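For what it's worth, our numbering labels the leading residue of the sequence shown as -7, then goes sequentially. Following: one structure in structure tokens, then a few remarks.
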Amino acid sequence: MLTSDLNALLDQQALQRQDSECRYITDRVNWEQYETLLARNGDSLAYRVTYLDGVLEIISPSRRHEIRKTRIGDLLEIYFLEADIDYFPFGSTTLRQEEKRGGTEPDEAYCIGTDKEFPDLAIEVVVTSGGLNKLEVYRRLNVKEVWFWQNERFSLYYLREESPVQFVQTCGYGQISRSEILPDLDIDLLAEYVRYPNSLAAVKEFRQRLISG
């Protein structure tokens, strides 16, 4: 490993120790209060807000969180370009349905092939565990596939049941090893370059790997 890459990794490890996220959770919040908070927050990216059955969670993302979120988005857009896949990015757009009593703001989200009201794929970067059950929120919003980036790896889930019976513990989602939304994407290769210490080198080398097959 090059000295610069080693230094980058050491800097990253130091950042992980210092760069923590802040989470605030409160209950007995009605939908009108949730909507008021969203309106007050506007287009600010300083917070991620999730609502589920009267419980409100507000997270102030860490720098490490935003680095990973941005890297994943950059790499996926390269993949869409090289694979000639029509995609519609949502970014961190607020997704919500009052009748389902749920709403959230994913780190990244996409419709694949055609644009829709809700994305086919949502991605969550998890730095600190705990908080509201995001899979339950996404089930209510009928998001077909959810990826979690946690502990430097991806965990993928695909919606199998709209009313959980077999997959109760995972809110109707079954864990998968390969994306069903993007079946030709090598998830291990993607993860390798999400972990890569240098951003420019990561996107350039990832693109070259895709081109070379």
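Think of the CB as a built atom: it goes at the ideal place given N, C-alpha and C, for glycine as much as any other residue. Keep in mind the model is a prediction, meaning the values are calculated, not measured.
Given residue i as reference, the closest of the options once Cα atoms are compared
i	options	result
E49	R88, G122, I17, E116	I17
I59	E100, N125, R152, K136	E100
Y165	L148, I179, F82	L148
Y43	E13, D180, G94, N22	G94
E90	Q142, S204, L182, N22	N22
F82	I70, Y102, E69, L29	Y102
G34	V129, T85, R15, R56	T85
K61	V117, V129, S121	V117
S36	Y150, V47, I51	I51
Q105	E128, F80, L124	The residue you asked about is not Gln; residue 105 is Gly in the sequence shown. Comparing Cα positions, the closest option is F80.
V288	W141, V195, L29, R131	Outside the shown range of the chain (-7 to 205) lies residue 288, about which nothing can therefore be said.
L124	R63, W141, D45	D45
W141	E128, S121, V129	S121
Extent of the continuous alpha helix (DSSP H) to which residue i belongs
i	result
T42	Per DSSP, T42 belongs to no alpha helix (DSSP H); it is in the beta strand (DSSP E), 40 to 44.
V195	191 to 204
V47	Looking at the DSSP string, V47 is not in any alpha helix (DSSP H); the run it does join, the beta strand (DSSP E), is 47 to 52.
V186	179 to 186
Q25	23 to 33
I70	55 to 75
V157	Neither: V157 is in no alpha helix (DSSP H) and is coded neither H nor E.
Nearest-angstrom Cα separation, counted from residue j out to residue i
i	j	result
L87	A114	10 Å
E109	T96	14 Å
I77	P111	15 Å
A193	L67	11 Å
R199	K92	40 Å
T(-5)	T162	In this prediction, T(-5) has a pLDDT of 36, which is less than 50 and means its spatial position is unreliable; nothing more can be read from the coordinates.
E197	Y71	12 Å
Q133	D176	First, the amino acid is wrong: residue 133 is Leu here, not Gln. If you take the alpha carbons of L133 and D176, they lie about 25 Å apart.
I168	Y150	7 Å
N190	R55	15 Å
A183	F146	7 Å
A38	Y185	26 Å
P98	I64	13 Å
E24	E69	36 Å
L30	V195	33 Å
L2	D107	Caution is warranted here: a pLDDT of 36 is assigned to L2, below 50, making its placement in the model unreliable, and the coordinate value is therefore given only provisionally. Distance between the alpha carbons of L2 and D107: 41 Å.
K126	G205	34 Å
Element boundaries [beta strand (DSSP E), containing residue i]
i	result
G164	No beta strand (DSSP E) contains G164, which DSSP labels as neither H nor E.
E137	137 to 142
G94	94 to 96
R145	145 to 151
L87	87 to 89
T18	14 to 18
F110	Premise fails: F110 is in no beta strand (DSSP E) and is neither H nor E.
F80	79 to 81
Within 8 Å, strictly: CB atoms of residue i and residue j
i	j	result
E13	P53	yes
E74	I179	no
V212	H57	For residue 212 there is no data in the structure shown, the boundaries of the chain being -7 and 205.
V47	D19	yes
E154	R187	no
L181	R201	yes
Chain C within 8 Å of residue i, Cβ atoms only
i	result
Y71	You won't find chain C in this structure, because it holds only one protein chain.
Worksheet item: Just checking, does the region 166 to 184 make contact with the region 129 to 142 on the three C-beta pairs under 8 Å criterion?
Response: yes
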